[in-house]
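The structure appears right after this line, and notes come after that.
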Amino acid sequence: MSQTTTEDTTTTGASPAPVAPRKKVLSEGKKAERRLGWLLCAPAALTMIAVTGWPILYSLLLSMQRFDLKFPDRTEWIWFDNYVTVLSSPYWWNAVWVTVLLTVVTVAVELVLGMSLALIMHRALVGRGIVRTTTLIPYGIVTVVAAFSWRFAWTPGTGYLAEALGGDPVLTEKIPSLMVVGLAEIWKTTPFMALLLMAGLALVPDDLLKAAAMDGASGWQRFIKITVPIMKPAILVALLFRTLDAFRIFDNLFVLTAGSQGTSSVSMLTYNNLIKGLNLGIGSTMSVLIFIMVAIIAFVFIKLFGTAAPGSDDGGKR
Amino acid sequence: MGATRRYRLAAGVGAAMLAAGTLTACGSGSQGITVNVYKYPQENFQAIVDSCNAKAAGRYNIVYNKLPREADGQREQMVRRLAAEDDSMDVLGLDVTWTAELAKAGWIKEFTGSVKSQVETGTLKTPLDTATYEGKLYGAPDNTNVQLLWYRSDLVPTPPKTWDEMISMAEALVAEGKPGQIVAQGKQYEGLVVLYNTLVNSNGGTILDENGTKAIVDDKAVEALAALKKLATSKAIDPSFSNAAEDNARLAMEGGNAAFQLNWPYVYAAAQKKPDFAKNFKWAPYPTVSGDQSKVTVGGINYAVSNYTTHPDESFDAVLCLRGAESQKLAALKDGVPPTIEAVYDEPEMAEAYPMRDDIKETLKNASVRPRTPAYQNVSTVISTILSPPASIDPQATADRLRKELQDALDSKGVLP
Numbered sequence: 031m032s033q034t035t036t037e038d039t040t041t042t043g044a045s046p047a048p049v050a051p052r053k054k055v056l057s058e059g060k061k062a063e064r065r066l067g068w069l070l071c072a073p074a075a076l077t078m079i080a081v082t083g084w085p086i087l088y089s090l091l092l093s094m095q096r097f098d099l100k101f102p103d104r105t106e107w108i109w110f111d112n113y114v115t116v117l118s119s120p121y122w123w124n125a126v127w128v129t130v131l132l133t134v135v136t137v138a139v140e141l142v143l144g145m146s147l148a149l150i151m152h153r154a155l156v157g158r159g160i161v162r163t164t165t166l167i168p169y170g171i172v173t174v175v176a177a178f179s180w181r182f183a184w185t186p187g188t189g190y191l192a193e194a195l196g197g198d199p200v201l202t203e204k205i206p207s208l209m210v211v212g213l214a215e216i217w218k219t220t221p222f223m224a225l226l227l228m229a230g231l232a233l234v235p236d237d238l239l240k241a242a243a244m245d246g247a248s249g250w251q252r253f254i255k256i257t258v259p260i261m262k263p264a265i266l267v268a269l270l271f272r273t274l275d276a277f278r279i280f281d282n283l284f285v286l287t288a289g290s291q292g293t294s295s296v297s298m299l300t301y302n303n304l305i306k307g308l309n310l311g312i313g314s315t316m317s318v319l320i321f322i323m324v325a326i327i328a329f330v331f332i333k334l335f336g337t338a339a340p341g342s343d344d345g346g347k348r
Numbered sequence: 119m120g121a122t123r124r125y126r127l128a129a130g131v132g133a134a135m136l137a138a139g140t141l142t143a144c145g146s147g148s149q150g151i152t153v154n155v156y157k158y159p160q161e162n163f164q165a166i167v168d169s170c171n172a173k174a175a176g177r178y179n180i181v182y183n184k185l186p187r188e189a190d191g192q193r194e195q196m197v198r199r200l201a202a203e204d205d206s207m208d209v210l211g212l213d214v215t216w217t218a219e220l221a222k223a224g225w226i227k228e229f230t231g232s233v234k235s236q237v238e239t240g241t242l243k244t245p246l247d248t249a250t251y252e253g254k255l256y257g258a259p260d261n262t263n264v265q266l267l268w269y270r271s272d273l274v275p276t277p278p279k280t281w282d283e284m285i286s287m288a289e290a291l292v293a294e295g296k297p298g299q300i301v302a303q304g305k306q307y308e309g310l311v312v313l314y315n316t317l318v319n320s321n322g323g324t325i326l327d328e329n330g331t332k333a334i335v336d337d338k339a340v341e342a343l344a345a346l347k348k349l350a351t352s353k354a355i356d357p358s359f360s361n362a363a364e365d366n367a368r369l370a371m372e373g374g375n376a377a378f379q380l381n382w383p384y385v386y387a388a389a390q391k392k393p394d395f396a397k398n399f400k401w402a403p404y405p406t407v408s409g410d411q412s413k414v415t416v417g418g419i420n421y422a423v424s425n426y427t428t429h430p431d432e433s434f435d436a437v438l439c440l441r442g443a444e445s446q447k448l449a450a451l452k453d454g455v456p457p458t459i460e461a462v463y464d465e466p467e468m469a470e471a472y473p474m475r476d477d478i479k480e481t482l483k484n485a486s487v488r489p490r491t492p493a494y495q496n497v498s499t500v501i502s503t504i505l506s507p508p509a510s511i512d513p514q515a516t517a518d519r520l521r522k523e524l525q526d527a528l529d530s531k532g533v534l535p
């Protein structure tokens, strides 16, 4: 695996210079081939644009209108007023902070737990199949079903967790319910993190670790100085995936608190305004803002941390 | 030319086939038009539907489609389908607070002519008010509901008449070490809005103006905030008041902690399962805030006819049967929902199932309606969010915030929490 990556890097890294001049002297056959290539992928590309581009554009258009299904006769073009309304709303900022907090805390905990699980799964000598299967069970359960079982577990009177902790209704206060939501989220998605990290662990050559051990490096030193640097691309991809997912948290929250007591995430708030409130203008504004925030997260990960998009080789960047 | 003709021929054949398809669909339909009713899960509603189908004698066939159990889920399903102009919904069971929203959006039909007069005849005024928007009738009241004061006659020989009297009696009981708590709905949800609306109206105040376009929250409404705060901070209030919905309140009282409860009449039927508790479980009219009668918030369900129905006449006809006196009596006796037709209260069988029927009827005559505006969902969310938790209300400041955020909600400028 690592072998091929380095090879790819060298070839692509070396090629850009000669490619540029050669472009002008493309033969007729080559040109025709290219044209055919474009024609062949055009239907797929156009379909993609139709199903992703149009909704994005449409929500952009909606976000610049006062558009409320309750008041169809009051629809008007108001440019960026909706953005001013949303960005000056305390409810929006509360939701943003709740989302950021949940994202940072759950992804950090998942990284640590996921890494330990990955190491266990990677190193397990006996019952490897059993270990991997049990680890993956939470990830295999539908999120809504899992969230319901968490909710019942935390309901005083019927839930074992609530009873174990003295029977207080934890899901009725902001901080405790956020903790429960975070816990459910971590429980659910740590296996996913572990899976991605395990793929990265497979990249680390055993010889290197053995050599380091011969040189007297402790287990921790080997992990920090060898395993982690080699795994870095895998860790970053895992973090990117999980951050983007966690940022859009909805189903867990919807079932556990439905956003009461100020526990709304940005997605929850958007749902409340769009589907419950029927306010297409404000709701679309929020969707656009979420889109922008997710784009920023992806940009930071890819440009600043150098995360390679899966499937691509990061030739040109280093 | 030839090609065009051939094309036209093909198009004609295609159209004919389509028409044939539609015709067959219509053909099978005319043998029995289906009227799809969407209503909350009501235990004995199918029996009502069956008897109405028998009366329709084959003119149409009513099919009962159950909506989700929770009000939010019911509204969401109907609203989403109406926004998409779904013509497979004919009759809708609406919560009394949704009339304005669906009427303004143009999703439900107005009741006119003889259907209107048949609905209005003999129906109590307040439930009828909930189905009216901008002077037009958009719904036929099916059942209604009002809260009463429930108390324990072994602890409280004579029930309190006023809000303050109730609080001081409860505090005296608690001071004596007796179970004198007051239980009510203080959780951040519709129940808190109902409580606040009752207090405001009983005090002669206003939350929104008559048209539902301007937030008022006048001085009387500020006093109502003070009354709510007084209850929430009283020594006699149930400690979990700020998390209590209807059933929490009922269970707390049945559990033996409370002497007073503000709740819907269903608690009476529930109490009968515990004879020891039930023998001292009595009711009285809702305590007054100012003046000699309180104006309790009315609840219940109205039937509306979807604007996208393909069988409007049959649908209106079905509504008249489904909410007719006979159907209402059955629902009242079997499902415990108070009727909206006044005469049904006087039926002899009602005395046993509804010993408190006279108090319900009296309360209904003076009941109040929640703010009538298409933006009710937003108004309700804003009120319950700002008043929560009730103990931390600061009457004047809370009222100012309420006024501002309600106005934003009405102008669809605000963000829903």
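Which chain is which? The protein sequence lines are A and B, in order. Letter by letter, the first sequence follows residues 31 to 348 in the working numbering. Letter by letter, the second sequence follows residues 119 to 535 in the working numbering. From the three backbone atoms N, C-alpha and C, an ideal C-beta is built for every residue, glycine too.
Am I right that residue i and residue j are in contact with their C-beta atoms under 8 Å? What's the rounded C-beta distance?
i: E432/B; j: V153/B; result: 5 Å
i: L482/B; j: L242/B; result: 5 Å
i: F359/B; j: A302/B; result: 7 Å
i: A218/B; j: K305/B; result: A218/B to K305/B, Cβ: 25 Å. No contact.
i: E460/B; j: G224/B; result: That pair is no contact at about 32 Å.
i: R272/A; j: M223/A; result: 6 Å
Helix, strand or coil, according to DSSP, for residue i in the structure here?
i: G322/B; result: coil
i: D529/B; result: coil
i: N425/B; result: coil
i: Q265/B; result: coil
i: D208/B; result: coil
i: V301/B; result: strand
i: Y494/B; result: helix
i: K254/B; result: strand
i: A249/B; result: coil
i: Q95/A; result: strand
i: A333/B; result: strand
i: Y169/A; result: helix
i: P51/A; result: Only weak support exists for where P51/A lies, its pLDDT of 48 falling under 50; the value from the coordinates is given anyway. Helix, per DSSP.
i: K157/B; result: strand
i: A186/A; result: The sequence shown places Pro at residue 186/A, rather than the Ala named in the question. Note: P186/A maps to coil in three-state DSSP.
i: R181/A; result: helix
i: R64/A; result: helix
i: T280/B; result: strand
i: T458/B; result: coil
i: R368/B; result: helix
i: D236/A; result: helix
* Hey, which unbroken runs of the alpha helix (DSSP H) at 4 residues or more fall wholly within the stretch 212-242 of chain B? -> 217-222, 231-238
* Asked: Relative to chain B, which residues along the stretch 113-135 of chain A have a C-beta separation below 7 Å, given in chain order?
  -> Within the stretch 113-135 of chain A, the residues whose Cβ lies closer than 7 Å to some Cβ of chain B are T115, V116, S119, Y121, W122, listed in chain order.
* Taking contact to mean at least 3 C-beta pairs separated by less than 8 Å, is the stretch 58-77 of chain A in contact with the stretch 483-503 of chain B? -> These segments do not touch.
* Between the stretch 490-518 of chain B and chain A, which residues of the former have a C-beta closer than 7 Å to a C-beta of the latter? -> P492, A493, Q495, N496
* Asked: Taking contact to mean at least 3 C-beta pairs separated by less than 8 Å, is the stretch 169-188 of chain A in contact with the stretch 308-315 of chain A?
  -> Because the criterion of three Cβ pairs below 8 Å is not met, the stretch 169-188 of chain A and the stretch 308-315 of chain A do not touch.
* Asked: Do the stretch 210-219 of chain B and the stretch 152-166 of chain B make contact, defined as three or more Cβ pairs closer than 8 Å?
  -> yes
* Which ranges does the alpha helix (DSSP H) cover as unbroken runs of at least 4 residues, wholly within the stretch 374-424 of chain B, from first to last along the chain? -> 384-389, 393-396
* Asked: Between the stretch 306-317 of chain B and chain A, which residues of the former have CB atoms less than 7 Å from a CB of the latter, in chain order?
  -> Residues Q306.
* To do: Inspect the CB distances between the stretch 450-461 of chain B and the stretch 167-186 of chain B and report whether three or more fall short of 8 Å.
  => no
* **Where the stretch 269-301 of chain A meets chain B: residues whose CB sits under 9 Å from a CB there** => A288, G289, S290, Q291, G292, S294, L299
* To do: Entirely within the stretch 105-167 of chain A and at least 4 residues each: give me those alpha helix (DSSP H) ranges in chain order.
  => 111-117, 120-153
* In the stretch 306-339 of chain A, which residues sit with their C-beta less than 7 Å from some C-beta in chain B, listed in chain order? -> K306, G307, L308, N309, I312
* Asked: Does the stretch 148-155 of chain A come within contact of the stretch 313-331 of chain A, defined as at least 3 CB pairs closer than 8 Å?
  -> No, the stretch 148-155 of chain A does not touch the stretch 313-331 of chain A.
* Does the stretch 323-334 of chain B come close enough to the stretch 255-272 of chain B that 3 or more CB-CB pairs lie under 8 Å? -> no
* Which parts of the stretch 160-204 of chain B are runs of the beta strand (DSSP E), unbroken and 3 residues or longer, counting only runs that do not cross its ends? -> 178-184
* Proximal residues, the stretch 339-367 of chain B versus chain A, C-beta separation under 7 Å -> N361
* To do: Compile a chain-ordered list of the residues in the stretch 92-104 of chain A whose CB is closer than 8 Å to at least one CB of chain B.
  => R96, D98, L99, K100, F101, P102, R104
* Are the stretch 236-255 of chain A and the stretch 191-211 of chain A in contact at 8 Å, needing three or more beta carbon pairs? -> no
* Asked: Quick one: complete alpha helix (DSSP H) runs, 4+ long, within the stretch 245-320 of chain A?
  -> 249-252, 258-277, 281-286, 296-301
* Asked: Going along the chain, which unbroken runs of the alpha helix (DSSP H) with 4 or more residues stay wholly within the stretch 461-527 of chain B?
  -> Whole alpha helix (DSSP H) segments, 4+ residues: 468-471, 475-483, 494-504.
* Asked: Can you list, in chain order, the residues of the stretch 254-266 of chain A whose Cβ is nearer than 9 Å to any Cβ on chain B?
  -> none
* To do: Could you please tell me which residues of the stretch 189-211 of chain A, in chain order, have their CB closer than 7 Å to any CB of chain B?
  => Listed by position, the residues of the stretch 189-211 of chain A near chain B (Cβ gap below 7 Å) are P199, T202.
* Asked: Does the pairing of the stretch 454-474 of chain B with the stretch 435-444 of chain B give three or more beta-carbon distances under 8 Å?
  -> Yes, since at least three Cβ pairs between the stretch 454-474 of chain B and the stretch 435-444 of chain B fall closer than 8 Å, the two stretches touch.
* Asked: Which of the residues in the stretch 208-225 of chain B, read from start to end, lie with their CB under 8 Å from any CB of chain A?
  -> Considering only beta carbons, the part of the stretch 208-225 of chain B lying closer than 8 Å to chain A consists of E219, K222, A223, G224, in chain order.
* Asked: Is the stretch 522-533 of chain B close to the stretch 111-127 of chain A, with three or more CB pairs under 8 Å?
  -> yes
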